[in-house]
Structures are given as C-alpha cells and as structure tokens.
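Here the protein sequences line up with chains E, X and W, keeping their order.
Heads up: the first sequence begins at 550 in the working numbering, then just goes up one per residue.
Heads up: the second sequence begins at 24 in the working numbering, then just goes up one per residue.
Heads up: the third sequence begins at 606 in the working numbering, then just goes up one per residue.
Each residue gets a CB set at the ideal place from its N, CA and C atoms; glycine is no exception.
Since the model is a prediction, treat every value here as computed from it, not as a measurement.
One structure is given here, and the rest of the page talks about it.
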Amino acid sequence: MTNFWNSDSVWLFRHRPTAIIAAIVAVLIIGSAAAAPWIAIANPYDLSTFNLMDGLLPPLWQSGGQAQFVLGTDDQGRDMVSAILYGARLSLIIGLSAMAIAAVLGVGLGMSAGYFGGWLDTIVMRIADIQLALPAILTALLIDGIARGVLEQETHQSLRVVVLITAIALSLWVNFARTARASVLVERNKEYVQAAEMMGQHPVRIMSRHILPNILGPLLVIMTVDLASAILLEATLSFLGIGLPADSPSLGTLIRIGMQFLFSGEWWILWVPTLFLVMLVVAINLLGDFLREVFNPRLRR
Amino acid sequence: MSTLLHIENLGVTFPSRHGEFQALSAVDLQVQRGQIHGLVGQSGAGKSTIGAAVIGLLSAPGYVSSGQLILDGLDLRSLSPVQAHELRGDRISMIFQDPQTSLNPLMTVEQQLIETIQSHRDLDDDAARVRAVELLTETGIENASVRIKAYPHQFSGGMRQRVVIALAICTDPELIIADEPTTALDVAVQSQVLDLIKDLARRRDIGFLLITHDIGVIAQVADVVTVLRDGKLIEHGPTEQVLQNPSESYTQSLMAAVPRLDKKLARFLNPEETSELDPDISLQRAPTDRGEMAEEWLMAGVAREASSLRADNITVKFAGQRQSLWRRPEPFVALKNVSVEARAAKVLGIVGESGSGKSTLAKVITGLIKPHGGTLSLDGQQLPTGKTRSRNHPSRRWVQMVFQDPYSSLNARHRIGDILAEPLQHFSLETDATKRRQLVQATLELVGLDAGQIDRYPHQFSGGQRQRIAIARALLARPKVLLCDEPTSALDVSIQAQVLNLLKDLQAQFGLTIIFISHNLAVVRQMADDIVVLRNGQVVESGDSELFFSQPSAEYSKELLALTPSAFSS
Amino acid sequence: MTYFIAKRLLQSVFVMLAVAFIAFSLFRFVGDPVSQMTGVETSLADQARLRAELGLDDPLLQQFYRFSNNLLQGEFGYSYRTRQPVGQMIVERIPATIELGVVALVISLLVGIPAGVYTALKPNSFFSQGLLLTTLVGVSVPTFVIGIMLIFLFGVQLGWLPTFGRGGTLNLGAWETSLLTVDGWKSLVLPALTLGVYQLTLTMRLVRAEMMEVMQSDYIRFATARGISYRRLHYRHGLSNTLVPVITIIGLQFGGVVAFSIVTESVFQWPGLGLLFLESIRFVDIPVMGVYLVLIALFFVVINLIVDLLYAVIDPRLRVQKAV
C-alpha cells in the first residue's frame, strides 16, 4: 500500500492540485448523475410531475426563488437541478457507450493492422484516411441523416439514443485505431514480442497478453480525451437539434432550450446547464492532460 | 604543457523527491593543454556529469553544489548565464556520441559551420566559408568545397562525426569535451576518428576530456586517465600506469573484467574482487538444494547426445526502397550464400560490423525470417524455415534465444515467475502449476538470483540480473541450441564478465551448443571454439577460433584485428 | 520524390472514389429517389418511366459510373427540397463559408503559433501556466457555447456587434463578399472568433508539444554547446524543425474549420454551406448531402496533397537522397 502511495504516478497526482480538483469534480458529477433517479426531486421526463404554475422560477438566492427549486425552473416548471442531473446522466451514458464501442472497434482493428501488416493494414488505414477526410461532426450528422432516411419516423424517434451512440462511435474509432497501430508497430519489434513469436504462441495471445498491457498507457489517454470529445459531440448534435428531443433532454438539448431565453431575463435556464457541461468536460480533459504527463515523462515539468 | 582546466572538490547534486542525489562528490581533476584526459567508469559513475558541469549544461534540476571549476585562471562558476553561453563554443566545445542526431537535419553543413564561426568571430560570409572549407579538409573530408553544400543525411556515419568535430573546433576552442565520441561507430571508423582527435590535440594544443566506457579506447589515445565510481574519484595517473598496474582494488577488478583480445581465458578471474563490482549478485554460485533440483531437471532433459546445427547457403533479400512507380525496387541482399555450422556441445562465434547480416542470420535460424534460398538442419534433420515452421513445430523449443537488450526482452507488465513459467507451460514440459513454480525458483538460483524475487517485475532488476533471467527463460525450454545475439553489448564490462562466466559454466555443465553473435572480437575470443566472420552478408573467413586470432587469413580479418583497440599492451 | 507524389495522388483518387461511392449509395439506397421527385398523384406508369430515365434499372456499377461522370462534369442534380439545381445552391453559399473559415484560420494561426512557441520555451513562467489552463478550458468548451457567450456579451449586454447574418455584402461577379463593408466586417467578427478560438487552442497546444520535443533533441544540445545565440537556437534550429509537424496540424485544422463551421453557422444563422448542409439533413435532402460530402472530401484531399508537397520543400531528407 505504501508502495502504491509512493509510486511515481500517485506521487505526481498528489502534487498536481489541478489533477486532484479535476478528479473530485469528475467523481462528484459522474456520481450524482448516476444517482439521479434517487437524489433528484422530480423526474424531468415525466410531464405529470411538474406544474406550469412553477414555471420560470429563479434560483433560490434571487428574489422569488423557492427553496424547493434550488437552481430555479424552466418555462414548463421543470426543476433545473433534476433536469441537469438527468441530462448529465444521459450525456454520460451516450458518451461512455460511444467511447467504449469506439475503443473496442478501434483498438481491435488498429492492433491487427499493426501486427499483421500487409493488405489488412492497407485496408484499415485507407478506411481511416477516408474517415479523416470527413470530420467527426460531419460523420455523425451524416449517419443521423441516413438513419432518418432509412428508418421510419417513429422507429427513428425510439432509436435516437442508439443512432447517436453509433454516429459518435463511428466518428471516434479512428483515433484509437491510429494510436493502437502506431504503438503496436513500436512494440512488435521489441524483443519480448519476438521471444513470444519464436516460441510459436498464437497471434491473438501475443496481442492480448503481451502487447496490449504494454500499450495501455497511450490508449488510456485517448480514452479520456475521446470521452470528452464524445460528450461534446453529443451536446453539439443535440444543440443542432438532431440529437435528443426536448422530452428527453441531454445537457446539449437543455442548452438549446435555454438559448430561447438568451435575450430575456431568465439567465439560469441557459447558463446553469452550460456551466455544468463545461465543468464536466474541463475536469475530464484535465485528467487526460495529467495522464499524458504520467505516460510521457518528457512532458514533465 | 600548462594547466588548462583545474577542477577541485567538484560536487554535483540532483534534488529529487527521494531526497538529494549526489551525482558527483569531491572530484579533483586537471587537464593540460594538448593533453587527452580519459574519464572511465561504468554507467552511473558520473563521467558525463563532469563534462556537463564544465560546459555549464547540466540537465535540470542538477546543479554544481561545491568545488571549483577553473579554466586557465577563469572561475567558471562565477560567470553569469550570458557570459557562460558566450564561452561555449568559443573556449570550450563539445562532441556528442551519436553523429546521426547531433546535426540539424534541415540545414546544410555549410550553414551550420558558417553560423557557428560567425557567432564567435567577426567574419563576413565569404571569409567564414573559406574557413569552413579549410576545417572540413583538416578533419579529413576530401573535396570539401563541394561537399560542404550537402545536408547531414547525405554523409555516412564516420563522415558525419568528422563534420561534428569540424563544428566543435571551428572557433579554436582550448578545451573539447568528447562524450563517447566513437561509441556509435564501427571499429575501422572509430580508429580513424580517434587518430583525428589525437592529431588535433598535438597540432592545435587542444585539451580533450575524453569520456568513455571503453577501456580499449582509453588505452589507444589517452595520456592520463581518471577512474570514477559512483560519482567519486577512484584513481588517476598516466594511462600506462593505471591500466597495466592499477593500485586500487576497484581498478584491478575492472581490468580483470575486460575481455582480452590477445589470449583466451577459461573464466574471468578474481571472483572476490570482481564481486565488489555488483554487490547484488554473488559471482560464485553457491550450490543450493533447489539449484541442484533445477540442474537435475535440466540434465534429465539434456540426457541425450548434444546437437549440431547447420545452415547451408542461406540467402536473404529485403525489398528495397521504392523510387518509381514503374521500376521494381532493387532488392537489398542481407545474406548471400552463407553457410555456418555449430558443432555439438561447442560455441560458434559469429562476428561482423553493423550491417554485416549477423542478426539477420539469427532471425533465419529462429524462424522469424524466411530465407530466399538455403536450408537449416538440426542433427541432420531439416528444419522448416520462416512461416513454414508451424507454431507447434518441436524446433521452436529446441532452439532458444538470449536477446541483446535485457530491457526490452522481458515483458515489463509480467512478473518474473510468469515470464519464466511460460516456456514450461507453452511446451507442456510441466503441467502442474506448483511444480512449475518450484522449477522456476530452482532455475533462478541456478543462474545466481534469489528465488524469493520470483514475484517481482522486470524493472526491479538491474540489466545484468535481467540478462540472467533471460538466460533462465531460455534454459527452461530445455533447448538443444542456445542462440545469443549480442547478449552483453548493453551491459557494463564487469556485469558482462559475470554473464559470460555464467554462459561458460552452463555450457560446460549441460554440454549446450551455443551460437554466440557479437561485434566485439575480444568477447568472441573469450567464448568461441569456432568462428565465422561476416561482412556485407557474406562469409569472409571461418574455422577454429584460436587459429583465427593467431593467424587470420583474410585481408579483412587482419585489418579488423589490427584496428580493434586493446586495453592490454602486447 | 516523384514516386512519393505519384503514390499520394493515387491514394487521393482512391479516397475520392470511395467518398463518391458513399454519396452514390446515399442517393440510391436511402429513401427512393423516384418517390422523392414525384408527388402522390403520379401514376405508376409515369414513375416507371422516370425510373428508366434516371437509369435506376441499370447495373449498379454502370449507375455509379454515370453518377461519378456527372459529378466530374459539374452536374450535381436537383435538390429534393427546393427543386433548384444543387450546383447553383452551392455556388451561392460558398463565399460566405470560405470568408468565415479563412478569417478564423488566420486568427488561430497568428495567435496560436507564437503562443505555442512561447509556452514551449518558457514552460515554467506564470504566464505560460495561465495560458495552458485557459486553453484547456478553450478545448473543453463546445463551439456553440463560445458562440452563445460572445453573442451574450457583445450582442446582448454591450450591443456592439450584430449577432446573426452577414450584414452588408457586395457582389464581385458571382462572389458575394462581406469583406468590403464595415458592416460586413462587424458581422464577421463574432462568428470568426467563435470558429477560431477552438482551432487556436488546439494549434497552441500542439505547437507547444512539438517544440518541447525538438528543444530536447541532440542537435539543439550540440548547437547550445557551440554557443549559438539563443535567438537562432529557438527560431532557426527549434522552430524550423517544428514546422513539419505543425504543417500537418494546419492541414488537419482545415478539416476542423469545415466541421465546426456547421455549428458556427447554425449559431449565427450565417448563410453558408454548413447551414445548407444542416437544413438538408433535417429534410433528408439527399442530393445536397451527397454533393456536400464529395466537396468536403475533395477539399480535404487537396489540402493533404499540398501538405505533402510542403514537407518536401521543408525537409531536405525527402528532397535530396544522393550520398556525397
């Protein structure tokens, strides 16, 4: 235990106040979002739980605020705290799933491409090239557009979350694939891999048991950075109105709704979810920066 | 001669979170004008730190914590950062190890020379250019007025190091710090560069601080030598005296560990004193119960006739760099009709410079590369090559390898116990997990490590210990042939002696057939019964090792032997 | 060298073909083109005739060949939504997006590169640390939020700048520009800043990382040991060696600018290609989506080719191989 406490990465962490704060913020936000059904006072998806009479109440500390609605309500009378917790929950579910799918797909393809080389490498990397020629937002928009064209209106509505996750995952896998491939190209020339090859071990075993544990560092950095990107991408798509609809709002949707009050006085409807989203993403990115420093000692100050 | 550099009581400290690390303490040293002062010591001895402290380029957060650095009456420690920077290049200059990376790849040699000359001398472009061409000619680059227009990557390694030297002397410095200036070079080029350094010291009266781990290099050029250990000065004096007749026991044991080119020794001697070099390992392997168990197990597997391995007419071509869409690239021939034989229970040494094809041959034998022609056979039975060797072919167990770099040959994420149990499990030599663990512990003791370290990770071991673990891994497959590719070139000389002793012992004990690949002729002489000399992918000479060292027949072999620096005067 | 360029050209053609095929598949398989073009009242016979006219019964490869050929000749088909020729719609919208993108890119490079160099050379200064933290926030704030904040501050609170549209524009032939009127510039400031800020933070962070890597290299240490002035060390040796990776970054930036122009144009109701694309997605206007896709890919491929050529100009190792 003392070994762990004194290991380089933990020591570095204890001496980086930004990393500590980021970790606390991230844990708080993710924890409260996960616990939303138990700690929120209302279910923002259930129209019957809120009352139009409570509409447009300001936060507690402004005159007219009510103790029940700490951060105020929107025009429908929806409690902002509950909306944000549920919204963050949805944003995180989508972001994490998309990132996980992109990681599995990208690492699998990237490692195989790097390890086997040849035509497999050529094909995977050419597909990655095409993917790079179409930026993430564009890919996601396109996939959403195709889903609209192919699926019936109703099916599309009910599958929106799935479509969003697919769209985001497909626009992020290239990062993983390129990083995994580059790392494998370095590792596979190392002597421990040659030793395993000489023994006649199966390529799948060599990749999973020998190479993968050695390239986890850079992959972990990409996972953090891409989780942030996935959350931003979801928010952006929802903001553009092609993500989640107003009756099941994610953070991006809440911001889009809030935009309508930009010019009137109800600032909290816009700025509270915005601040929450930015805090979440900044915290994740700070952790990503910290991990980058841990895994690349050259960047250490 | 007059004193150029005077170092007294020098201390360098690196603060870290584990406390202050004293990289150098109480070092005294003097360099005279026109003198080559050698600094030797093993890795971590602090020899490069002295050089960096003198030129004022200690890497952060290190700093000079005590003592005096005086250059011809000038106190270097009293200089402001700006003054110190003006001094660099002007009066003190430096030569780095690797000519491949020491030059800016985007600027021509001319631009880099003129820039350096003009930062210290008030010369116009034309005058600086004339000066630059003179310097290149002086450092032995022919047709300098044309070649000066080229970029660094257009020069060969040896020529590039000459350019580096030209850059270091272009401002007439009084002192040059040469940090391992020939370590990245082959022997022939090394010898030329050393001659150049010697010549510059004499002709230009430059004082050199020559930092190296290679005692042969010191013997060849240094006038005086200082031996360092753990940041402390052990011994200094005229080269001849220190190397031939060392007074300190550390220097004596260091010299005992240097492989000799002039004669073959049964083992590296003087165990009590050499053991001082690496306290973690007992050099005399104490016979333990467990060690005996491993011996018995290995003997049970080896209880058979020793094996011989032949490679006949091996040819390997690599695809060349493609230059055109239409023409096929010229293939690069790495090996051309190479035949070698490793006799049963003997050591076959394979020597050659970089690019001679020795590592390619190792990869052919282990099945990592498929040759374009030729056959491999073990005890007269033909072995499949390259990918035609199936994953479960028994030869995968018969031929085992010890790699060059002990830092990358063990998987950093696996425990030693798992790394060593892998061959037992993979080749189904022992199916019971408890017995596997016992065998692994026993083998650890057999190679001179503590069986209690079985659950540690590779990074918790030193380079020499790791190489022992790599040898244990190879043994646990019960091999017929052990292939060692430069197994000690990444190790300090004292550790090298221990690892070579271990290999000799195991070879004698188990009657192993060993193929030993190295660029170092002295090391090969200590190990080999037979020898093969490779050059540009072809066999130059082969036969009995002792005969080769006393009477080389090929012109190239004679040249190679003559140019290899020896720490011992013959 | 020629081989290198030829190889890249070939790869570009492959990428373009693949993207064209995606666009073609969109057109062919997402929804039914015939029912999109005709109303409910069209008879089945008329529909069949239209189907034959469009060649939808031909073998797939032949259809793809015809589709690509039409693209090459600038015949992009008709929008399902407006019934206008797609080519004309795109030509009308292109100037707005290019002006926005170029101004944003100039902002991001002019500020980003010097800031990256500064933070790399003085990594421990207070200012550098502050800049780094600021840019981290910059990378984390979504583009649309930056846009909203700028609108709120300069449009709503201070009322200095317009918050939507292009303002006054002038026609230079077919090119409608907002760069020649004060009003146009005023309208451009906020969108260009919005689009530029994210690219700026990215540029700065990447330049910093590359520069720090270069400054630790052996040739910089050797040049320091030769007493070359710090100014030359930083710029002549350091920055020039950082240029190769930085050019790659700039190449990628173009992609980012295109992508985020969609968001920016949506926030500021900027009448450019991004807004057009967004509308076409909402209405599943396949021909517009397809052409936009092909156009973006072409743009990206051309930028990448230019980047490859620039490598050769900067790096002699790619240019001269002859040993001396």
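Boundaries of the alpha helix (DSSP H) in which residue i is found, first to last residue
i	result
I780 of chain E	L761 to F788
H842 of chain W	Unbroken run through H842 of chain W: none, as it is neither H nor E.
E582 of chain X	E578 to L586
N127 of chain X	First-last for N127 of chain X: undefined, no H or E at that position.
L641 of chain E	M629 to F665
D557 of chain E	D557 to R563
L384 of chain X	K381 to T389
G895 of chain W	I891 to I919
F626 of chain W	T607 to F634
E364 of chain X	No alpha helix (DSSP H) contains E364 of chain X, which is instead part of the beta strand (DSSP E) from F355 to A365.
M756 of chain E	Neither: M756 of chain E is in no alpha helix (DSSP H) and is coded neither H nor E.
I337 of chain X	I337 of chain X -> not in any alpha helix (DSSP H); beta strand (DSSP E) instead, spanning L332 to F341.
Residues bridged to residue i [DSSP beta-bridge criterion]
i	result
T86 of chain X	One detail in the question is off: residue 86 of chain X reads as Tyr in this sequence, not Thr. Partner(s): X:T36.
Y670 of chain W	None, per the DSSP bridge assignment.
V843 of chain E	Answer by DSSP bridge pairing: none, since V843 of chain E is not bridged.
Y723 of chain W	In DSSP, Y723 of chain W forms no bridge with anything.
T869 of chain W	BP columns for T869 of chain W are empty, so no partner.
Y683 of chain W	W:P690
M117 of chain X	X:I200
C193 of chain X	Answer by DSSP bridge pairing: none, since C193 of chain X is not bridged.
F44 of chain X	X:F37
H29 of chain X	X:Q53 and X:I93
I554 of chain X	X:G372 and X:G566
R111 of chain X	X:I115
D98 of chain X	X:I93
Residues near residue i in its chain [Cβ-Cβ closer than 7 angstroms; skip 5 each side]
i	result
K791 of chain W	L766, P767 and G772
R290 of chain X	N524 and K527
Same chain, Cβ closer than 8 angstroms to residue i, five either side skipped, listed in chain order
i	result
I238 of chain X	V63, L266, L277, M278, V281, V516 and A590
L781 of chain E	V830
Beta strand (DSSP E) segment containing residue i, residue limits
i	result
W780 of chain W	W780 to T782
F539 of chain X	T536 to S541
I492 of chain X	Where I492 of chain X is concerned, there is no enclosing beta strand (DSSP E), although the alpha helix (DSSP H) it sits in stretches over G486 to L498.
V247 of chain X	V247 to R252
H60 of chain X	I59 to V63
S400 of chain X	G396 to L401
E258 of chain X	K255 to P261
Cut-off 6 angstroms between Cβ atoms - residues of its own chain near residue i, not counting five sequence neighbours on either side
i	result
F930 of chain W	It is not possible to answer for residue 930 of chain W, since the shown part of chain W is limited to 606 through 929.
G380 of chain X	A357, L358, L557 and G560
I908 of chain W	G856 and F859
V216 of chain X	Q184 and T205
F37 of chain X	F44, A46 and G85
L594 of chain X	Any question about residue 594 of chain X goes unanswered here, given that chain X covers just 24 to 593.
E295 of chain X	Legend: pLDDT at E295 of chain X = 44, less than 50; position of this residue unreliable, no value from coordinates given.
Can you give me, in chain order, the residues of the region 730-762 of chain W that have a beta carbon less than 8 angstroms from any beta carbon in chain E? Cβ contacts with chain E: L738, L741, V742, V744, S745, V746, P747, T748, F749, V750, I753, I756, F757 and V761.
Short of 7 angstroms Cβ to Cβ, which residues in the region 513-545 of chain X face chain E? Against chain E - using a Cβ distance shorter than 7 angstroms - the region 513-545 of chain X contributes no residues.
Could you please tell me which residues of the region 433-446 of chain X, in chain order, have their CB closer than 7 angstroms to any CB of chain E? Under the 7 angstroms Cβ criterion, the region 433-446 of chain X contributes L433, N434, A435, R436 and P446.
The region 833-845 of chain W: which residues have C-beta closer than 9 angstroms to a C-beta of chain X, in chain order? Residues of the region 833-845 of chain W whose Cβ lies closer than 9 angstroms to any Cβ of chain X, in chain order: I833, S834, Y835, R837, R841, H842 and S845.
The region 807-830 of chain E: positions lying closer than 8 angstroms to chain W by Cβ: For the region 807-830 of chain E, which is checked against every Cβ of chain W, the residues closer than 8 angstroms are M808, L811, F812, L819, T823, L826, V827 and V830.
The region 813-822 of chain E in contact with the region 835-843 of chain E per 3-pair CB rule at 8 angstroms: At 8 angstroms Cβ cutoff, the stretches do not touch.
Counting beta carbon pairs with one atom in the region 208-227 of chain X and one in the region 124-144 of chain X, are three or more of them shorter than 8 angstroms? The region 124-144 of chain X is not in contact with the region 208-227 of chain X.
Contact between the region 241-255 of chain X and the region 53-63 of chain X (3+ Cβ pairs under 8 angstroms): The region 241-255 of chain X vs the region 53-63 of chain X: in contact.
Name the residues in the region 129-156 of chain X whose C-beta lies less than 7 angstroms from a C-beta of chain W; which are they? For the region 129-156 of chain X, which is checked against every Cβ of chain W, the residues closer than 7 angstroms are L129, E138, T139, S142 and H143.
Given a limit of 8 angstroms on CB to CB distance, which residues of the region 690-704 of chain E reach chain W? Flagged, chain order: L690, L691, D693, G694, I695, R697, G698 and V699.
Using a beta-carbon distance cut-off of less than 8 angstroms, what residues from the region 893-906 of chain W approach chain E? Of all residues in the region 893-906 of chain W, M894, L898, I901, A902, F905 and V906 have a Cβ within less than 8 angstroms of some Cβ in chain E.
contact_flag[the region 657-672 of chain W, the region 727-746 of chain W] where n(CB pairs < 8 angstroms) is 3 or more: No, the region 657-672 of chain W is not in contact with the region 727-746 of chain W.
By the 9 angstroms beta-carbon criterion, what residues does the region 626-650 of chain E contribute toward chain X? For the region 626-650 of chain E, which is checked against every Cβ of chain X, not one residue is closer than 9 angstroms.
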